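K.L.:
As given, the protein sequences belong to chains A and B, one line each in that order. My numbering numbers the first residue of the first sequence as 1 and each following residue consecutively. My numbering numbers the first residue of the second sequence as 177 and each following residue consecutively.
There are 2 protein chains.
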Amino acid sequence: MKSNKETVQKNSSSGRPVDAFDRRILGELVRNARQTYAEIGTKVGLSAPAVHDRVKRMIASGTISSTNAAIDPMAVGKPFLAFVHVDASGWGKSERMMKLRDFPEVEELHSVTGDCCVILKVRTANADAMERFLAQVYALPGVRATRSYVVLTTYLDRPVQAEVTETWPDVPLPVG
Amino acid sequence: MKSNKETVQKNSSSGRPVDAFDRRILGELVRNARQTYAEIGTKVGLSAPAVHDRVKRMIASGTISSTNAAIDPMAVGKPFLAFVHVDASGWGKSERMMKLRDFPEVEELHSVTGDCCVILKVRTANADAMERFLAQVYALPGVRATRSYVVLTTYLDRPVQAEVTETWPDVPLPVG
DNA sequence: TCATTTCCGGAAAGAAATTCGGCAAAAGGA
DNA sequence: TCCTTTTGCCGAATTTCTTTCCGGAAATGA
Chain A
1 MKSNKETVQK NSSSGRPVDA FDRRILGELV RNARQTYAEI GTKVGLSAPA VHDRVKRMIA
61 SGTISSTNAA IDPMAVGKPF LAFVHVDASG WGKSERMMKL RDFPEVEELH SVTGDCCVIL
121 KVRTANADAM ERFLAQVYAL PGVRATRSYV VLTTYLDRPV QAEVTETWPD VPLPVG
Chain B
177 MKSNKETVQK NSSSGRPVDA FDRRILGELV RNARQTYAEI GTKVGLSAPA VHDRVKRMIA
237 SGTISSTNAA IDPMAVGKPF LAFVHVDASG WGKSERMMKL RDFPEVEELH SVTGDCCVIL
297 KVRTANADAM ERFLAQVYAL PGVRATRSYV VLTTYLDRPV QAEVTETWPD VPLPVG
């Protein structure tokens, strides 16, 4: 902290800043969203209604974008994970790229800089299913190459920004 | 489906199979974990207590590993996302690899096959913070090279296995 | 200094989670 | 095959949590 003045962060949609209480509440909800407002209130030092108000506000403003259950990939029959780099021509935000979204195996789809234009996170039941998926990707128009990185072990799979409190940036964001 | 017999899936810990009702409940909870049991029950065709029993069981068995809030990275001050490939020597499940886990910027850490041994998903406030992070990674013993893929746009960030129902594998898993 | 706004806490009302039989279907034995 | 045991569901009751409401304190601004 540079000063004793609170480090706040402008929210994406509305102009309401996210203060220290909000951050601690977020941290708790990211760790475990099944806690009661009273429990969270005890931890962060607020009453249950106060916590409720803040959560409601953060949901409305989009700071909390969703809350969802995390499923054990093993239990759900998809233990095979890979990162797939796709190199293609003429894919700038095209509908062709969007087709990748429709594959149920695709868990994430990012457009990136570097020696490929897209990175996919793909989950299948086994190597066989992965091979079939890759064949489908190659069949898409414009795809020049793919490179797959098969995950052997996942050592960390933090639910996005688990440590909201600690990692708060000192650096202000660019406006807009 | 190959037969009218139900496609079931052995759970990771206990021997209880996950049936069609469980899958639909999981699908609902992955999409939105703030629904009431009554709502889910209406959708899947069960009573609230029945849904509750199943969710409780799936939590106990580890099928539902956690439920957590998803935060808008922008609102939380970490809009800069990159996948970082790390190549290092002598990192087989070592404590040295584990050190990467302690960086708050590191959201995921996977050991992979291919031209690097580790893939990181890293989130920072900006390019500057990313550069500082990479410098720290290079300083780790054994690190030979890193390659970063800066994410321009994220088109899909499905909460793990969003489409539990549809993508259920026909292929049985290897035992154990 | 006073008015206005913001935000909290306690209490109350409303809604949901959880418990508790009872029952029916399935599973397992003899 | 018949009986027993187990499993899993439902409806109702109970407990717990969420949500609303309101008074008041602290902060904000003129």
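The beta-carbon is built from N, C-alpha and C at its ideal position, and this holds for glycine as well. The model shown is predicted, which means the values in this text are computed figures rather than measured ones.
Is the stretch 285-304 of chain B close to the stretch 144-161 of chain A, with three or more CB pairs under 8 Å?
P.N.:
Judged by Cβ distances under 8 Å, the stretch 285-304 of chain B makes contact with the stretch 144-161 of chain A, as three or more pairs qualify.
K.L.:
Starting from residue 87(A), find everything on chain B with Cβ-Cβ shorter than 9 Å and list it in chain order.
P.N.:
Simply none; closest approach about 12 Å.
K.L.:
Please report the residue range of the beta strand (DSSP E) in which residue 100(A) lies.
P.N.:
From DSSP, residue 100(A) is part of no beta strand (DSSP E); its letter is neither H nor E.
K.L.:
Looking only at C-alpha atoms, which of 119(A), 35(A), 58(A) and 141(A) sits nearest to residue 250(B)?
P.N.:
Selected option, being the one with the closest Cα: 58(A).
K.L.:
From the beta carbon of residue 108(A), is the nearest beta carbon of chain B less than 8 Å away?
P.N.:
So yes, residue 108(A) belongs to the interface.
K.L.:
Use the C-beta contact count for residue 97(A): other C-beta atoms within 10 angstroms, 16 or more gives buried, fewer gives exposed.
P.N.:
Label assigned to residue 97(A): buried.
K.L.:
Is the Cβ of residue 303(B) closer than 8 Å to any Cβ of chain A?
P.N.:
No, its Cβ sits nowhere closer than 8 Å to a Cβ of chain A.
K.L.:
I'd like to know whether the C-beta atoms of residue 194(B) and residue 243(B) end up nearer to each other than 8 Å.
P.N.:
No, these two residues do not count as a Cβ contact at 8 Å.
K.L.:
Whole angstroms are fine: how far does the CA of residue 143(A) sit from the CA of residue 198(B)?
P.N.:
C-alpha separation (whole angstroms): 38 Å.
K.L.:
For residue 344(B), count neighbouring C-beta atoms within 10 Å of its own C-beta (all shown protein chains included) and say buried if the count is 16 or more, exposed if not.
P.N.:
Below a pLDDT of 50, predicted positions are generally treated as unreliable, and residue 344(B), at 45, falls in that range; the measurement from the model is reported next regardless. It is buried - the Cβ of residue 344(B) has at least 16 other Cβ atoms within 10 Å.
K.L.:
Where does the unbroken beta strand (DSSP E) through residue 146(A) begin, and where does it stop?
P.N.:
Note, residue 146(A): beta strand (DSSP E), 143-157.
K.L.:
On a CA-only basis, which of 107(A), 138(A), 61(A) and 124(A) is nearest residue 248(B)? Give me that one, please.
P.N.:
The shortest Cα separation from residue 248(B) among 107(A), 138(A), 61(A) and 124(A) belongs to 61(A).
K.L.:
Between which residues of its own chain and residue 259(B) is the CB-CB distance below 8 Å, once the five residues before and five after are set aside?
P.N.:
Same-chain partners within the cutoff: 295, 296, 297, 298, 324, 325 and 327.
K.L.:
Taking beta-carbon pairs under 8 Å, can you tell me which members of the stretch 292-318 of chain B lie near chain A?
P.N.:
Of all residues in the stretch 292-318 of chain B, 292, 295, 299, 300, 301, 302, 304 and 305 have a Cβ within less than 8 Å of some Cβ in chain A.
K.L.:
Which residue wins for smallest C-alpha separation from residue 315(B), given the options 281(B), 275(B) and 286(B)?
P.N.:
Here the closest residue by C-alpha is 275(B).
K.L.:
Pull out every residue of the stretch 71-87 of chain A whose Cβ sits closer than 9 Å to any Cβ of chain B, in chain order.
P.N.:
If the cut-off is 9 Å between Cβ atoms, the stretch 71-87 of chain A has 71, 72, 73, 74, 75, 76, 77, 78, 79, 81, 82, 83 and 85 near chain B.
K.L.:
Would you kindly work out how many angstroms separate the C-alpha atoms of residue 302(B) and residue 220(B), rounded to a whole number?
P.N.:
Their backbone Cα atoms lie some 44 Å apart in a straight line.
K.L.:
Taking 8 Å as the limit between beta carbons, can you name the residues of its chain near residue 277(B), skipping five residues before and five after?
P.N.:
Here the set comprises 285.
K.L.:
Less than 8 Å between the beta carbons of residue 217(B) and residue 209(B), yes or no?
P.N.:
Not in contact: residue 217(B) and residue 209(B) (Cβ atoms no closer than 8 Å).
K.L.:
Quick one: using the 10 Å Cβ neighbour count with 16 as the cut-off for buried, is residue 212(B) buried or exposed?
P.N.:
Flag for residue 212(B) reads exposed.
K.L.:
Quick one, which of 46(A), 70(A) and 106(A) has its alpha-carbon nearest residue 81(A)'s?
P.N.:
Of 46(A), 70(A) and 106(A), the residue nearest in Cα terms is 106(A).
K.L.:
Within a Cβ cutoff of 7 Å, which residues of the same chain sit near residue 78(A), ignoring the five residues on either side of it in sequence?
P.N.:
So the qualifying residues of the chain are 123, 124 and 125.
K.L.:
Can residue 30(A) and residue 86(A) be called in contact, C-beta distance under 8 Å?
P.N.:
Not a contact, by the Cβ cut-off of 8 Å.
K.L.:
Suppose you measure from the CA of residue 132(A) to the CA of residue 95(A); what does that come to, to the nearest Å?
P.N.:
Whole-angstrom Cα-Cα distance: 22 Å.
K.L.:
Go ahead and label residue 129(A) buried or exposed: buried means 16 or more other beta carbons lie within 10 angstroms of its beta carbon, across all protein chains shown.
P.N.:
Classification for residue 129(A): buried.
K.L.:
Between the alpha carbons of residue 53(A) and residue 28(A), how many angstroms are there, rounded?
P.N.:
So the alpha carbons of these two residues sit roughly 15 Å apart.
K.L.:
For the candidate residues 329(B), 334(B) and 266(B), whose alpha-carbon lies nearest to that of residue 317(B)?
P.N.:
Nearest option by C-alpha distance: 266(B).
K.L.:
Could you please give me the residues that DSSP links to residue 85(A) through a beta bridge?
P.N.:
Looking at the DSSP assignment, residue 85(A) forms a beta bridge with 119(A) and 147(A).
K.L.:
Determine, for residue 268(B), whether the minimum Cβ-Cβ distance to residues of chain A falls below 8 Å.
P.N.:
By this cut-off, residue 268(B) is not an interface position.
K.L.:
Using a threshold of 7 Å, is the CB atom of residue 110(A) nearer than that to any non-hydrogen atom of the ligand MG?
P.N.:
Ligands displayed in this structure: none; no statement on the ligand MG is therefore possible.
K.L.:
Pull the bridge partners of residue 285(B) from the DSSP assignment, please.
P.N.:
Note: residue 285(B) sits in a beta bridge opposite 156(A) and 296(B).
K.L.:
Kindly list, in the order they appear in chain B, the residues whose Cβ is closer than 7 Å to that of residue 101(A).
P.N.:
Result: 331 and 332.
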